[in-house]
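Here's the structure we're looking at; comments come further down.
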Amino acid sequence: MRAAAARKRSCLPWRFRLSGAARMMGLLSTAMTSFPTPPAHLPPPAHSPPPAHLPPPAHPAPRAVVIEDEPALAALVASYLTRDGFDVRRELDGPSGLAAITEHRPDVIVLDVALPGMDGIEVARRARIVTDAYIIMLTARAEEADVLIGLSVGADDYMTKPFSPRELTARVRTLLRRPRAVIGGGTMPGEPTMTFGSLTIDAAGREVAVAGRQVELTRTEFDLLAALASAPRRVFTRRALIEAAWGADWAADEHLVDVHLLHVRRKLGDTASEQRFIRTVRGVGYRLGTGDSADGGG
Ligand code: CA
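Residue numbers (the numbering used here): 3 to 300.
Below you can see the structure in the form of structure tokens.
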């Protein structure tokens, strides 16, 4: 009941929620003049304006799926996300979590690593086939292996238990401010594509190819590569890459940059010793390589 009431409330345009004090301050008259008058052919409202007849909001609530087998923790995370305006689905095991991802089409997935039925790593791997949602893994151990494995299946970030749900929602908000990938979205012919040797980066279509062969990058991987490509001669510190890809207020572990770029490098067909596209600048950070030209062809 409470949830339904809250939903109904949130459907009301903001001008109906103005307090009496705000009206007295004359804000309403400002609002009225800035809203176009309704078309004359609409029938007059019967009682108070019926919310059901309102057009759908321009920005529907973002969706989240929380997959966590500790019910109390799942409920806590879900409540924070709900308070943040998310439409949240909560699942307690891997297979139902995966089904919820397919049905609910979330923008964000909060995914525990150790789950009954199917572990979080397998859920992430399969989820990546159907969604480009941001995936934040929850892990009980800070062990690097978990992190590395989790990220290699396309997770964007991780949090080690115990964590602050407030920090989790802050990270989710930051993730959602980043530009969205266009799933299956082709680009119009003639849109600019950046080329570095055999590497092509189509910023508009968010597509990357090496020697004409398409390379599948996660959103985070793409954002980091695009940041490097935005200033090909510049050496980026890890902090600068985090700011370019995530925003200045992002509190991510700088080691995440190394892990993501390791995956990008591998997907582009490079190794630590053959760095055609992503160069490590010792003691500083990274810069984009000039592609095949460094190797004399290719
Ligand atoms: Ca668990």
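C-beta: ideal position from N, C-alpha, C; glycine also.
- Query: What does DSSP give as the partner residues of Phe238 in its beta bridges?
  - Reply: Tyr288
- Message: Quick check on Asp158: does DSSP put it in helix, strand or coil?
- Response: coil
- Item | beta-carbon Leu230 near ligand 1 non-hydrogen atom, thresh 8 Å | no
- Task: Report buried or exposed for Ile111, applying the criterion of at least 16 other Cβ atoms within 10 angstroms of its Cβ.
- Result: buried
- Query: Within this structure, are the beta carbons of Pro1 and Leu170 separated by less than 9 Å?
  - Reply: Within the shown structure, residues of the chain are numbered from 3 to 300, placing residue 1 beyond reach of any answer.
- Could you tell me the boundaries of the beta strand (DSSP E) in which Phe224 lies? Taken as a continuous stretch (DSSP letters only), Phe224 belongs to no beta strand (DSSP E), being part of the alpha helix (DSSP H) at 221 to 232.
- Exposure of Thr273, with buried meaning 16 or more beta-carbon neighbours within 10 Å: exposed
- Query: CB of Glu124 to nearest heavy atom of ligand 1: below 8 Å?
  - Reply: no
- Query: Asp114 and Ile69 look like a contact to me (Cβ under 8 Å); what is the Cβ gap, rounded to whole Å?
  - Reply: 6 Å
- Indicate, with yes or no, if ligand 1 has a heavy atom lying under 8 Å from the CB of Glu318. Past the boundaries of the shown model lies residue 318; the chain is included only from 3 to 300, so the question cannot be answered.
- Message: Would you say the beta carbon of Ala77 is closer than 8 Å to some non-hydrogen atom of ligand 1?
- Response: no
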